[in-house]
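Beneath this line is the structure, given in structure tokens, with notes to follow.
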Amino acid sequence: MSSETKTDPRPARGLGFKLLIVAGCLMILFAIMVYCFFLLLLGVVYPFRVGYHLLAGWYLYLQRAGNSLSRSPTQIVWCVVMIVLMSAVLHLLLKRGYRLRFQSENSSAVWQPRWTCTILALLLLLLGSSFAVTELTQQVWALATSQERISFAFDSQGDWKREQSGDQLAELGLALHSYQDVYGHFPAGGTFDQTGQPQHSWLTHLLPFLGEERLYRQIDLDQPWSADVNRSPFQQPLYYCLNPGLRETYRGGAEGEPTSAGYQPAQYAANSHVMNANAAPGFQEISDGSSNTLLAGEVNAQFKAWGDPTNFRDPTRGINADPHGFGGPFQGGAQFLMVDGSVRFINENIDPAILKALATPDGGEPVGEY
């Protein structure tokens with residue numbers, strides 16, 4: 001009888017099966033990547049935006065909420081101390097409860113500190129998930145309440161830019177609502193001192209609510225926006241103010257634009273009937289209804305710097321009818337932010353009477369179909 005050990009072929013078959021599974025997974029992953037690539041080429045960005053807000057929504061929400069709160073070193077120290085104390089108390093309670101439950105059965109049973117850390121990490125994960133859901137809900141609500149409903153396919157690159165511009169207006173709307181929640185009114189379209197000297201714009205006061213706390217702190221609010229000490233902050237482009245549908249490169253010094261070199265433009269402006277010079281109304285002063293009143297909108301000519309206190313316009317000039325009025329880069333009209341936070345595309349051929357009714361916050365005019 002031979003003492004040689006026969007070779008078992010099963011490990012080879014097992015290895016081949018594993019390689020087959022790995023190859024199949026790689027093919028599926030490659031197919032998903034190709035599919036996502038073609039979705040992006042078609043302008044289908046909403047699924048990716050959902051994923052982004054699910055992953056980073058907790059950070060975006062905390063950033064926006066944190067910027068609306070006042071912070072001091074003392075408050076931060078007390079917050080850290082309270083967190084440490086709460087963690088210590090939680091560990092002691094869990095340790096005592098574990099000992100009462102299991103030590104009678106096993107004298108060596110001891111609650112481990114790493115278990116407390118694991119529970120705390122899970123609690124933080126749940127907290128972050130709740131923030132992510134809140135952020136995603138706000139984004140979906142902003143899209144769902146706009147005139148252009150959520151779409152999963154677009155005809156051209158221009159449609160994607162139009163949708164992106166609407167999202168930026170919605171972000172401005174969220175910031176304006178956060179400002180209203182804190183101060184009880186919207187920011188003034190522009191602040192002016194007693195001599196009529198321009199000071200600062202509505203966008204400047206909105207910076208802390210747009211996640212631009214660091215930029216806001218660089219601005220000396222006691223000096224006019226055009227003062228030399230404030231030149232550097234206002235030379236920085238503000239993402240929320242640049243319409244992706246406008247291809248033109250901003251050049252300081254052109255007609256109707258700031259002459260000081262380097263000031264960055266705002267391609268959105270406030271409705272002068274709501275936010276004007278030193279005029280900062282609250283919800284209670286908008287008697288025509290928040291869904292029937294324009295708050296801000298797209299502009300496509302005669303840009304002002306985003307720090308300019310005169311960055312507000314009169315919608316009754318018409319849409320795409322006056323370079324000093326409102327107008328969009330997209331054919332047929334312009335997008336507007338309503339007081340309720342929704343974004344609507346308004347046709348340039350709208351009845352002037354209806355446009356006037358939408359522009360005034362307390363005119364009492366009837367608003368029909370538009």
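The end of the sequence shown is residue 370 by the UniProt record's numbering, with every number in the run present.
For glycine and all other residues, C-beta sits at the position ideal for the given N, C-alpha and C.
State the DSSP-derived secondary structure class of residue i, mapped to helix, strand or coil.
i	result
Q235	coil
A280	coil
T191	strand
R251	Unreliable placement is indicated for R251, whose pLDDT of 41 sits below 50; the coordinate value is still reported in the next sentence. Coil at R251, not helix or strand.
A23	helix
H185	coil
H205	helix
I150	Confidence at I150 is low in this model, with a pLDDT of 39, below 50, so its placement is unreliable and no value can be given for it.
Q168	helix
Q180	helix
Y263	coil
W78	helix
W115	helix
L210	helix
P224	coil
Report yes if the CB atom of residue i is closer than 8 Å to the CB atom of residue j, and no otherwise.
i	j	result
L355	T310	no
Y240	Q302	no
W202	G184	no
A334	H273	no
W225	D288	no
W306	A269	no
L210	A188	no
G332	E348	yes
T74	L90	no
H177	G282	no
Can you give the beta carbon distance from residue i to residue j, rounded, assuming they're within the 8 Å contact cut?
i	j	result
G325	R313	6 Å
L295	V339	5 Å
N243	E298	6 Å
Y179	L206	6 Å
F330	G245	6 Å
D238	Q199	Position check: residue 238 holds Leu in this sequence, whereas Asp was assumed. The Cβ separation is near 18 Å, so there is no contact.
Pull the bridge partners of residue i from the DSSP assignment, please.
i	result
Y268	E298
H273	Partner(s): none; H273 has no beta bridge.
H200	T191
Which ranges does the alpha helix (DSSP H) cover as unbroken runs of at least 4 residues, wholly within the segment 291-369, from first to last along the chain?
Those alpha helix (DSSP H) runs which fall completely within the segment 291-369 and span 4+ residues are 352-359.
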